[in-house]
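Undergrad:
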Amino acid sequence: MSYRDKYADDIEGLFSELENRVMADIVRRIKKEGQITSTADYQVRRLHDMGYSSDEIETRLKRALNASYGDIWKLYDDVVEQEYTRNKKIYEQINGEFVPYDENEQLQQQIEAAKKQAGRDIENMTKTLGIVESVGGQMTFLPLTEFYRKTLSAAVLDIASGAFDYNSVLKRTVNTLANSGIRTIDYTSGYTSRLPVAARRAVMTAVSKMAGEISEMNAEKLGTEYFEVTYHSGARPSHRKWQGRVYSKRDLVRVCGLGDKTGLKGINCYHDYYPFIPGVSKRQYSDKWLREQEKLEKKKKTFKGKEYTPYDAKQKQRRMETSMRAQRQKVRLLEEGGADPDDIIIAKARYQGQLQEYKQFSNAMGLKAQMERVYIDGLGRVASGGKIQINRSAKVSKRGIINQRDYDVPKGLGAAAKRYDVRLLQGGNASIKEGSKITKIKTFAGKGTDKEIRDRFDLEAQYGHPADSWQKNRGEAVVVHKGKERKAEIHWYEAEGEKVRMKVKRYFDEG
338 MSYRDKYADD IEGLFSELEN RVMADIVRRI KKEGQITSTA DYQVRRLHDM
388 GYSSDEIETR LKRALNASYG DIWKLYDDVV EQEYTRNKKI YEQINGEFVP
438 YDENEQLQQQ IEAAKKQAGR DIENMTKTLG IVESVGGQMT FLPLTEFYRK
488 TLSAAVLDIA SGAFDYNSVL KRTVNTLANS GIRTIDYTSG YTSRLPVAAR
538 RAVMTAVSKM AGEISEMNAE KLGTEYFEVT YHSGARPSHR KWQGRVYSKR
588 DLVRVCGLGD KTGLKGINCY HDYYPFIPGV SKRQYSDKWL REQEKLEKKK
638 KTFKGKEYTP YDAKQKQRRM ETSMRAQRQK VRLLEEGGAD PDDIIIAKAR
688 YQGQLQEYKQ FSNAMGLKAQ MERVYIDGLG RVASGGKIQI NRSAKVSKRG
738 IINQRDYDVP KGLGAAAKRY DVRLLQGGNA SIKEGSKITK IKTFAGKGTD
788 KEIRDRFDLE AQYGHPADSW QKNRGEAVVV HKGKERKAEI HWYEAEGEKV
838 RMKVKRYFDE G
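For the sequence shown, the numbering used here assigns the number 338 to the initial residue and increments by one for each residue that follows.
(1) Indicate whether Gly834 and Lys508 have their beta-carbon atoms separated by less than 8 angstroms.
(2) Closest by CA to Lys637, which one among Lys602, Asn810, Ala701 and Asp677?
(3) In terms of alpha-carbon separation, which member of Ala832, Asp787, Ala825 and Lys779 lies closest to Leu796?
(4) If you draw a straight line from the alpha carbon of Gln443 to that of Ala450, how long is it in whole angstroms?
(5) Could you check which residue in Thr599, Thr567 and Tyr503 has the C-alpha nearest to that of Tyr584?
(6) Where are the beta strand (DSSP E) runs, 3 residues long or more, that stay fully inside the region 774 to 846, in chain order?
(7) Let me know the secondary structure DSSP gives Ser471 once reduced to three states.
(8) Looking at Arg536: is its Cβ nearer than 8 angstroms to the Cβ of Glu356?
(9) If Phe484 and Ile522 are in contact, beta carbons under 8 angstroms, what's the gap, nearest whole angstrom?
(10) Buried or exposed, going by whether 16 or more other CB atoms sit within 10 Å of the CB of Ser730?
(11) Grab me the residues of Asp680's own chain with a C-beta within less than 8 angstroms of its C-beta, minus the 5 sequence neighbours each way, in chain order.
(12) Measuring straight from C-alpha to C-alpha, what distance separates Val544 and Gly594?
(13) I want to know whether the region 819 to 829 touches the region 783 to 793 - three or more CB-CB distances under 8 angstroms.
(14) Alpha carbon to alpha carbon, how far is Asp743 from Val815? Give it in angstroms, no decimals.
(15) Got a sec, what are the start and stop residues for the alpha helix (DSSP H) Glu709 sits in?
(16) If I measure Cβ to Cβ from Ser517 and keep anything under 7 angstroms in the same chain, skipping five residues before and after, which residues do I get?
(17) With a floor of 3 residues, list each beta strand (DSSP E) that falls wholly inside the region 480 to 525, ordered by position along the chain.
(18) Report the option in Arg577, Val417 and Ala556 whose CA atom is closest to the CA atom of Val592.
(19) I'd like the list of long-range same chain contacts for Trp807, defined as Cβ closer than 6 angstroms, with 5 residues on each side in sequence excluded.
(20) Based on DSSP bridge pairs, tell me the residues matched to Ser768.
(21) Would you check if the distance between the CB atom of Arg341 and the CB atom of Met541 is smaller than 8 angstroms?
(22) When the Cα atoms are used, what is the spatial distance from Glu826 to Gln763?
(23) Considering only the alpha carbon of each residue, which of Lys842, Pro803 and Phe845 lies closest to Asn512?
(24) How is the alpha helix (DSSP H) around Phe698 delimited, first residue to last?
(25) Ordered along the chain, which non-local residues of its own chain (more than five positions away) have a Cβ less than 7 angstroms from that of Ile713?
(26) Just how far apart, CA to CA, sit Ser768 and Gln630?
(27) Return the CA-CA distance between Thr780 and Phe564, expressed in angstroms with no decimal places.
(28) For Glu658, which of Glu771, Gly772, Ile459 and Ser699 has the nearest alpha-carbon?
(29) Could you tell me the distance, in whole angstroms, from the CA atom of Ala492 to the CA atom of Val359?
(30) Which class does Arg742 belong to by DSSP, given the choice of helix, strand or coil?
(31) Closer than 8 angstroms is the cut-off here; do at least three beta carbon pairs connect the region 400 to 413 with the region 445 to 461?
(32) Measure the C-alpha to C-alpha separation of Tyr844 and Ala539 and round it to an integer number of angstroms.
(33) Identify, in the order they occur along the chain, each residue of the same chain with its Cβ nearer than 7 angstroms to the Cβ of Ser660, setting aside the five sequence neighbours on each side.
(34) Select from Arg838, Tyr610, Phe640 and Gln580 the residue whose C-alpha is nearest the C-alpha of Arg760.
(35) Can you say whether Asn555 is buried or exposed, counting buried as having 16 or more other CB atoms within 10 angstroms of its CB?
(36) Thinking C-beta only, is Lys598 closer than 8 angstroms to Glu562?
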């Protein structure tokens with residue numbers, strides 16, 4: 338692990354702790370409301386008295402920010418030590434005068450300005466926090482305070498009206514929280530990312546840019562316009578073609594994309610470039626060695642029938658780590674909310690399954706299992722290493738089709754949130770009858786079966802649930818359209834209790 342990664346991990350860990358505290362607070366308040374059984378109107382009035390305290394959020398944010406500043410200052414100091422002083426030998430080789438950092442006022446001013454800017458960037462992120470959830474099939478960003486009030490209002494209405502029991506409300510909320518995380522949004526682009534990841538990326542990108550500026554300053558004083566770009570395995574394909582070689586300053590821009598967010602020193606780029614003096618400096622990576630490495634980068638390894646290049650494998654490994662962190666949050670939040678013990682056991686078993694597959698995948702790809710990237714959440718051990726016994730209601734047939742228990746469609750005040758729109762054969766939408774049941778449910782593709790869902794990655798992108806958690810189901814239900822009820826076979830996708838893209842396949846009164 339590089340010195341930069343160490344500090345970035347510390348900063349990410351601080352904001353992971355903040356994220357966990359805010360989510361746990363939401364769950365605790367839902368638990369408190371779930372114990373009251375008076376009328377929904379009374380509950381809604383109480384929400385105004387117990388609404389999320391802005392002062393409470395502000396206090397937690399300030400604590401995380403203040404703690405992160407120390408790591409940012411230390412990181413920039415190390416950049417100076419590592420990146421600036423590394424060129425001292427080159428100065429000596431060409432009889433140049435090396436000015437120590439303590440005497441270099443220009444560089445000191447640059448570093449101080451960069452530190453303050455990094456602090457401002459992270460502070461600005463904390464002013465645009467929220468949750469991403471699926472609303473009508475679309476992923477929607479809600480500011481944190483708005484999500485908090487909306488979630489508590491829905492929980493109170495659903496529980497008080499009898500439309501949902503407490504455990505169902507808790508699982509729904511936990512899934513939304515863990516799948517989204519506390520996110521920050523760039524309102525210009527609409528792009529959102531989890532706060533801990535965004536904080537890490539902002540610091541790493543800023544520090545990388547600072548290191549580049551130090552290299553250019555050294556190159557100018559050394560009288561060279563050439564630079565050698567570093568090499569690392571598993572680089573993205575567009576970076577592999579130029580890494581490890583020597584370029585002029587102009588070609589750093591033209592060939593390597595310096596200054597572009599997708600190029601050298603751009604977002605999530607781990608390459609550096611250092612002054613190179615022709616006739617004095619010696620290349621770190623020969624052309625022969627680079628050709629050999631390129632062959633290795635194109636070599637694919639197989640896991641469960643799918644091939645991966647080293648780059649693909651590292652990307653898959655990062656996604657698996659993200660999924661495990663989300664599942665660990667679900668376990669902790671379910672425990673915090675006092676969920677049904679079986680649901681907690683199932684959540685733990687799912688995490689253990691993810692962990693086992695992660696280790697198997699890493700071994701198959703020849704990659705080190707980076708569990709520190711999972712445990713950075715600070716949640717500690719969430720599941721024992723022993724075998725977990727689960728009381729399953731589903732039964733798997735010999736053909737890999739899973740028979741599921743009937744599903745009760747909610748009714749009453751809280752049912753509006755779970756109307757379950759159904760696409761009709763002739764176009765347009767209907768809904769499933771409130772208070773009825775979806776019966777004869779069978780899972781015929783996806784998780785737990787021997788058939789993959791082709792749209793699983795599209796589903797993950799749209800709804801937030803991991804691609805490997807989706808199932809494709811069919812069942813029988815009463816569909817209501819323009820006041821007329823008809824029994825139909827319906828199909829839908831489902832992951833972690835969320836049912837989406839329901840559609841009618843046939844009506845039983847048509848034979």
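From the three backbone atoms N, C-alpha and C, an ideal C-beta is built for every residue, glycine too.
All figures in this text were calculated on a predicted structure; none of them were measured in a lab.
TA: In brief:
(1) Lys508 is positioned such that its CB atom lies closer than 8 angstroms to that of Gly834.
(2) Comparing Cα positions, the closest option is Ala701.
(3) The closest CA to that of Leu796, considering only Ala832, Asp787, Ala825 and Lys779, is found on Ala832.
(4) About 11 angstroms.
(5) The shortest C-alpha separation from Tyr584 is found at Thr567.
(6) If we require 3 residues or more, the beta strand (DSSP E) runs fully inside the region 774 to 846 come out as 774 to 783, 808 to 818, 821 to 832 and 835 to 844.
(7) Assignment of Ser471 by DSSP, reduced to helix, strand and coil, places it in the strand class.
(8) The sequence shown places Ala at residue 536, rather than the Arg named in the question. The answer is no: Cβ separation not under 8 angstroms.
(9) Wrong, their Cβ atoms sit about 12 angstroms apart, outside the cutoff.
(10) With a pLDDT of 47 at Ser730, under the threshold of 50, the modelled position of that residue is not reliable, and no figure is offered here.
(11) Within the same chain, Asp680 has close Cβ partners Asn504, Lys508 and Leu671.
(12) As the crow flies, the alpha-carbon of Val544 is around 18 angstroms from that of Gly594.
(13) Contact fails between the region 819 to 829 and the region 783 to 793, because fewer than three Cβ pairs, one in each stretch, are under 8 angstroms apart.
(14) Straight-line Cα distance between these residues: approximately 13 angstroms.
(15) Following the DSSP letters along the chain, one finds Glu709 inside the alpha helix (DSSP H) bounded by residues Glu709 to Tyr712.
(16) Excluding positions up to five away in sequence, the list reads Ile468, Val469, Glu470 and Gly801.
(17) If we require 3 residues or more, the beta strand (DSSP E) runs fully inside the region 480 to 525 come out as 520 to 523.
(18) Among Arg577, Val417 and Ala556, the Cα nearest to that of Val592 is on Arg577.
(19) Excluding residues within five positions, the ones whose Cβ falls inside 6 angstroms are Gly783, Ile790, Arg793, Leu796, Tyr830 and Ala832.
(20) According to DSSP, which records beta bridges pairwise, Ser768 is partnered with Asp758 and Val817.
(21) Yes. Within cutoff.
(22) The straight-line gap from Cα to Cα measures roughly 15 angstroms.
(23) Of the candidates Lys842, Pro803 and Phe845, the one whose C-alpha sits nearest the C-alpha of Asn512 is Pro803.
(24) Taken as a continuous stretch (DSSP letters only), the alpha helix (DSSP H) holding Phe698 covers Pro678 to Met702.
(25) So the qualifying residues of the chain are Asp346, Glu349, Gly350 and Ser353.
(26) The alpha-carbon atoms of Ser768 and Gln630 are separated by roughly 57 angstroms.
(27) The alpha-carbon of Thr780 is positioned some 58 angstroms away from that of Phe564.
(28) Per the Cα distances, Ser699.
(29) Whole-angstrom Cα-Cα distance: 17 angstroms.
(30) DSSP places Arg742 outside both helix and strand once states are collapsed to three, so it counts as coil.
(31) Touching, yes.
(32) Cα to Cα, Tyr844 sits roughly 54 angstroms from Ala539.
(33) Closer than 7 angstroms at Cβ, skipping near neighbours: Gln691 and Pro803.
(34) Cα-wise, what sits closest to Arg760 is Arg838.
(35) Asn555 counts as buried, since no fewer than 16 other beta carbons sit within 10 angstroms of its beta carbon.
(36) In this structure, the beta-carbon distance from Glu562 to Lys598 does not fall below 8 angstroms.
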